[in-house]
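**Q** If you read the sequence shown in our numbering, its first letter stands for residue 42, the second for the next number, and so on. This structure is in structure tokens; I'll ask about it shortly.
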Amino acid sequence: MNTSFQRLTSAVALTVGYVAQMMGQSTSKPMNIVYIMSDDHSYQTISAYDKRFIDTPNLDWIAENGCRFTNSFVANSLSGPSRACMLTGKHSHANGFTDNTKTFDGSQQTYPKLLQKAGYQTAMIGKWHLTSEPTGFDHWDILIGQGDYYNPDFLCDGKPLQRSGYVTNIVTDLALEWLDNRDKDKPFCLLLHNKAPHRVWSPDTYDLDLFNDRTYPLPSNFYDDYSGRPAAAKQKMNIMKDMDVVYDVKMADKENEIHSDPELEAMGCSNYMRMTPSQRAQWDAHYDPIIKKFKEAGLTGKALAEWKYQRYMHDYMRVIRSIDRNIGRVINYLKANNLLDNTMIVYTSDQGFYMGEHGWFDKRFMYEESFRTPLLVYLPGGKQGDVDQMVQNIDYAPTILNLAGVEVPSDIQGRSFLPLLQGKKVKDWRKSLYYHYYEYPAEHSVCKHYGVRTDRYSLIHFYDDVNSWELYDLKNDPEQMHNIYGEKGTENVTRKLRKELHKLQEQYDDPIRLTLKDN
Numbered sequence: 042m043n044t045s046f047q048r049l050t051s052a053v054a055l056t057v058g059y060v061a062q063m064m065g066q067s068t069s070k071p072m073n074i075v076y077i078m079s080d081d082h083s084y085q086t087i088s089a090y091d092k093r094f095i096d097t098p099n100l101d102w103i104a105e106n107g108c109r110f111t112n113s114f115v116a117n118s119l120s121g122p123s124r125a126c127m128l129t130g131k132h133s134h135a136n137g138f139t140d141n142t143k144t145f146d147g148s149q150q151t152y153p154k155l156l157q158k159a160g161y162q163t164a165m166i167g168k169w170h171l172t173s174e175p176t177g178f179d180h181w182d183i184l185i186g187q188g189d190y191y192n193p194d195f196l197c198d199g200k201p202l203q204r205s206g207y208v209t210n211i212v213t214d215l216a217l218e219w220l221d222n223r224d225k226d227k228p229f230c231l232l233l234h235n236k237a238p239h240r241v242w243s244p245d246t247y248d249l250d251l252f253n254d255r256t257y258p259l260p261s262n263f264y265d266d267y268s269g270r271p272a273a274a275k276q277k278m279n280i281m282k283d284m285d286v287v288y289d290v291k292m293a294d295k296e297n298e299i300h301s302d303p304e305l306e307a308m309g310c311s312n313y314m315r316m317t318p319s320q321r322a323q324w325d326a327h328y329d330p331i332i333k334k335f336k337e338a339g340l341t342g343k344a345l346a347e348w349k350y351q352r353y354m355h356d357y358m359r360v361i362r363s364i365d366r367n368i369g370r371v372i373n374y375l376k377a378n379n380l381l382d383n384t385m386i387v388y389t390s391d392q393g394f395y396m397g398e399h400g401w402f403d404k405r406f407m408y409e410e411s412f413r414t415p416l417l418v419y420l421p422g423g424k425q426g427d428v429d430q431m432v433q434n435i436d437y438a439p440t441i442l443n444l445a446g447v448e449v450p451s452d453i454q455g456r457s458f459l460p461l462l463q464g465k466k467v468k469d470w471r472k473s474l475y476y477h478y479y480e481y482p483a484e485h486s487v488c489k490h491y492g493v494r495t496d497r498y499s500l501i502h503f504y505d506d507v508n509s510w511e512l513y514d515l516k517n518d519p520e521q522m523h524n525i526y527g528e529k530g531t532e533n534v535t536r537k538l539r540k541e542l543h544k545l546q547e548q549y550d551d552p553i554r555l556t557l558k559d560n
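Okay, structure coming up:
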């Protein structure tokens, strides 16, 4: 018997025994993993979390047949860093990918590499966005850079090629094709990463006319004046001021009369020119009448801001509909191929997103809408219902390794939430979360900051360009409109939170603790 086969046999036996013990039942199949992650998918736009905006029946199936995590968060609300945290189980300072200007060190330890060593087949399909080429995968087929919605360019195991069609459909096609052609005698871990619904929220032509009759409710803090929050006032992701009418709202007219930021306008035209004549015809049939009405209306001020918000919400929801439809395809494939009884399905986003709250359309801040991320997990024989404990994306790696029966290395900073998926009570589960955002100066001008969140309070320190502290009572001020840092009566809670913050910085060995005076 050769060494690799012995290793695989041992890993499969370990996995089978572990899962059987975990579930209190006998089984003859190792556990597979299908990890699905979208880019910038807000928890507000999954009906399992929030029914105001859209119905997502396939995503809801995962929640209804598995677990809905109600307190799921990221460690750094930005695409590349979040992905690095997920792969390594470590905070950004520990994995080296603190912001999108960096290059991910592919030689470091990741959970797909550890699964490979244990005999798993591993595949990475879709949006990678870590600059370096993927490592730890038997097969990878990734979008180049941010990826395009129409007829996108890929690197398939290092070979560049362009594929025709809409990106969410293509990524799902490739994932199902890999599942069809894998070695059926081995357990697998598939990472399916959607480009959608990343900016600029371009719908599949199939979905262009969805929700035409919908008017979306304006958030109560849409016209936030950012009083008492200097870092929030400094940002450049405001729908009224910063959402580009050509690039974001897609008002490029045939008469070439509507103009905006030159760089963004050129990018918008480039997106349009990627389309086939058939795609452009369908696009024009939808947008040309909207452009005509927009030009006739001559909107300004609040009327323009609220019109942009409606356009943004319509396009975003249409993109979400395509994601949900393709999630249904994956679930149906697993059902049809008798894989549901030994496959864990994870659905999440690389971070949360603002759907007009505070007047915004991006992420980055430690405020709730971008700090939180959806997390839905189906585990055969596992818990059904809500998991309320605080989890973070550094926990994904140890959870998956734990499920596969692979030893979790001691340098991983996250913690396996597998016991929570089993429905067990864990007395010593974490009571606080640590967050650190680095990318400044950069797009959207969100200042560097770190902070701590407990079940009730959020304490944030902005540093470098803006040096300020913010404290929020999430029970009495869930929208985080009133910074109570320094107010009379908050001294005790502030002292406790700062102590907890320092404890977490020591625990995770964040070097920021050695270079900054937090006052």
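Even for Gly, the Cβ is constructed at its ideal location relative to N, Cα and C.
Specify whether the region 309-325 and the region 367-375 touch according to this definition: at least 3 beta carbon pairs, one from each stretch, less than 8 Å apart.
**A** no
**Q** Can you pull the DSSP bridge partners for residue 541?
**A** The residue you call residue 541 lines up with position 500 of the sequence shown. Bridge partners of residue 541: none, in fact.
**Q** With DSSP run on the structure shown, which of helix, strand or coil describes residue 395?
**A** Translated into positions along the sequence shown, residue 395 becomes position 354. DSSP places residue 395 in coil when its eight states are reduced to three.
**Q** Between which two residues does the alpha helix (DSSP H) holding residue 488 run?
**A** As a position in the sequence shown, residue 488 is number 447, starting the count at 1. Looking at the DSSP string, residue 488 is not in any alpha helix (DSSP H), and its letter there is neither H nor E.
**Q** Taking residue 292 and residue 332 to be in contact with their CB atoms under 8 Å, please state how far apart those CB atoms are, rounded to whole angstroms.
**A** The count along the sequence shown starts at 1 and reaches residue 292 at position 251. The count along the sequence shown starts at 1 and reaches residue 332 at position 291. Taking the Cβ atoms as the reference, residue 292 lies roughly 5 Å from residue 332, within the contact range of under 8 Å.
**Q** Counting only the same chain and skipping the five closest in sequence on each side, list residues whose C-beta sits under 7 Å from that of residue 502.
**A** Here residue 502 corresponds to residue number 461 of the sequence shown, with the count starting at 1. For residue 502, where only same-chain residues beyond five positions count, the Cβ hits under 7 Å are 490, 491, 492, 510 and 559.
**Q** Quick check: what's the CA-CA separation for residue 155 versus residue 125?
**A** Translated into the one-based positions of the sequence shown, residue 155 becomes position 114. Translated into the one-based positions of the sequence shown, residue 125 becomes position 84. Rounded to the nearest angstrom, the two C-alpha atoms are 15 Å apart.
**Q** Evaluate residue 268 with the Cβ neighbour count: other Cβ atoms within 10 Å of its Cβ, from every protein chain shown; 16 or more gives buried, anything less gives exposed.
**A** Indexing the sequence shown from 1 puts residue 268 at position 227. Under this definition residue 268 is an exposed residue.
**Q** Write down the C-beta distance between residue 166 and residue 216 rounded to the nearest angstrom, noting that I regard them as a contact closer than 8 Å.
**A** Residue 166 sits at position 125 when you count from the first residue of the sequence shown. Residue 216 sits at position 175 when you count from the first residue of the sequence shown. Their Cβ separation, rounded to whole angstroms, is 5 Å, which keeps residue 166 and residue 216 in contact under 8 Å.
**Q** Do the region 69-81 and the region 223-238 touch if we need at least three Cβ pairs shorter than 8 Å?
**A** yes
**Q** Name the DSSP bridge partner or partners of residue 166?
**A** As a working note, residue 166 is residue 125 in the sequence shown. BP columns for residue 166 point to 182 and 233.
**Q** Quick check: the Cα distance between residue 571 and residue 481, rounded to an integer number of angstroms?
**A** Because the chain is modelled from 42 through 560, residue 571 falls outside the range shown and cannot be assessed.
**Q** Kindly indicate the opening and closing residues of the beta strand (DSSP E) around residue 77.
**A** Taking the first residue of the sequence shown as 1, we reach residue 77 at position 36. Here the beta strand (DSSP E) through residue 77 covers 73-79.
**Q** Could you please give me the residues that DSSP links to residue 285 through a beta bridge?
**A** In the sequence shown, counting from the first residue as 1, residue 285 sits at position 244. Partner(s): none; residue 285 has no beta bridge.
**Q** On the three-state DSSP scale, how would you describe residue 133?
**A** Walking along the sequence shown from the start, residue 133 turns up at place 92. The answer is helix: DSSP assigns residue 133 an H, G or I state.
**Q** Where residue 134 and residue 551 are concerned, what is the direct C-alpha to C-alpha distance, given to the nearest angstrom?
**A** Taking the sequence shown and counting its residues from 1, the one referred to as residue 134 is at position 93. Taking the sequence shown and counting its residues from 1, the one referred to as residue 551 is at position 510. Distance between the alpha carbons of residue 134 and residue 551: 6 Å.
**Q** Can you name the start and end residues of the beta strand (DSSP E) that residue 511 belongs to?
**A** Here the question's residue 511 lines up with position 470 in the sequence shown. Here the beta strand (DSSP E) through residue 511 covers 509-514.
**Q** When you compare each of 168, 132 and 182 to residue 151 by their alpha carbons, which one comes out closest?
**A** Here residue 151 refers to the residue found at position 110 when the sequence shown is read from its first residue. When only C-alpha atoms are compared, the closest one is 132.
**Q** Can you tell me whether residue 575 is helix, strand or coil according to DSSP?
**A** This structure does not reach residue 575, given that the chain is present from 42 up to 560, and the question cannot be answered.
**Q** Rounded to whole angstroms, what's the CA-CA distance from residue 47 to residue 307? Just pull it up for me.
**A** As a working mapping, residue 47 is identified with position 6 in the sequence shown. As a working mapping, residue 307 is identified with position 266 in the sequence shown. At residue 47, the pLDDT of 44 sits below 50, so the modelled position is not reliable; the number obtained from the coordinates is stated separately. Computed Cα separation, rounded: 56 Å.
**Q** Report the partner residues of residue 401 according to the DSSP bridge assignment.
**A** Along the sequence shown, read from residue 1 onward, the residue named residue 401 stands at position 360. Answer is 279.
**Q** Just mark residue 49 as buried or exposed, buried being the case when its beta carbon has 16 or more other beta carbons within 10 Å.
**A** The residue given as residue 49 occupies position 8 in the sequence shown. With a pLDDT of only 44 at residue 49, under 50, the local geometry of the prediction cannot be trusted, and the value read off the model is given with reservation. Under this definition residue 49 is a buried residue.
**Q** Starting from the C-beta of residue 198, find all residues in its chain whose C-beta is less than 8 Å away, skip the five residues before and the five after it, and write them out in chain order.
**A** In the sequence shown, counting from the first residue as 1, residue 198 sits at position 157. For residue 198, where only same-chain residues beyond five positions count, the Cβ hits under 8 Å are 180, 181 and 182.
**Q** The alpha helix (DSSP H) spanning residue 412 covers which residue range?
**A** As a working note, residue 412 is residue 371 in the sequence shown. From DSSP, the alpha helix (DSSP H) with residue 412 extends over 409-412.
**Q** Throw me the rounded Cβ distance for the residue 420 and residue 396 pair, which I believe falls under 8 Å.
**A** For the purposes of this step, residue 420 is taken as residue 379 along the sequence shown, with counting starting at 1. For the purposes of this step, residue 396 is taken as residue 355 along the sequence shown, with counting starting at 1. With 8 Å as the limit, residue 420 and residue 396 do not qualify as a contact, their Cβ atoms being about 29 Å apart.
**Q** Smallest Cα separation from residue 175: which of 187, 128 and 96?
**A** Indexing the sequence shown from 1 puts residue 175 at position 134. The shortest Cα separation from residue 175 among 187, 128 and 96 belongs to 128.
**Q** Nearest to residue 288 by alpha carbon, out of 296, 270, 264 and 313?
**A** Numbered from 1 along the sequence shown, position 247 holds the residue referred to as residue 288. The residue with the shortest Cα to Cα distance from residue 288 is 313.
**Q** Does the count of Cβ pairs from the region 251-265 and the region 111-125 closer than 8 Å reach three?
**A** A contact between stretches requires three or more CB pairs, one per stretch, nearer than 8 Å, and the region 251-265 fails this requirement with the region 111-125.
**Q** Taking C-beta to C-beta, are residue 394 and residue 83 nearer than 7 Å?
**A** Start at 1 with the first residue of the sequence shown, and residue 394 comes out as number 353. Start at 1 with the first residue of the sequence shown, and residue 83 comes out as number 42. The answer is yes: Cβ separation under 7 Å.
**Q** Is residue 429 helix, strand or coil by DSSP?
**A** Residue 429 sits at position 388 when you count from the first residue of the sequence shown. Coil.
**Q** For residue 464, count neighbouring Cβ atoms within 10 angstroms of its own Cβ and tell me buried if that reaches 16, exposed if not.
**A** Mapped onto the sequence shown, residue 464 falls at position 423. Counting every other CB atom within 10 Å of its CB across the protein chains shown gives residue 464 a total below 16, marking it as exposed.
**Q** DSSP three-state label for residue 97, please.
**A** Taking the first residue of the sequence shown as position 1, residue 97 is located at position 56. Coil at residue 97, not helix or strand.
**Q** Is the region 263-277 in contact with the region 519-539, if contact means three or more CB pairs nearer than 8 Å?
**A** yes
**Q** Going by DSSP, what residue range makes up the alpha helix (DSSP H) through residue 335?
**A** Sequence index remark: in the sequence shown, residue 335 carries index 294 (1-based). Note, residue 335: alpha helix (DSSP H), 318-338.
**Q** Find the nearest neighbour of residue 364 within the set 104, 97 and 201, judged by alpha-carbon distance.
**A** As a working note, residue 364 is residue 323 in the sequence shown. When only C-alpha atoms are compared, the closest one is 97.
**Q** So, are the CB atoms of residue 147 and residue 173 less than 7 Å apart?
**A** Counting from one through the sequence shown, the residue named residue 147 turns up at place 106. Counting from one through the sequence shown, the residue named residue 173 turns up at place 132. Taking 7 Å as the Cβ cut-off, residue 147 and residue 173 qualify as a contacting pair.
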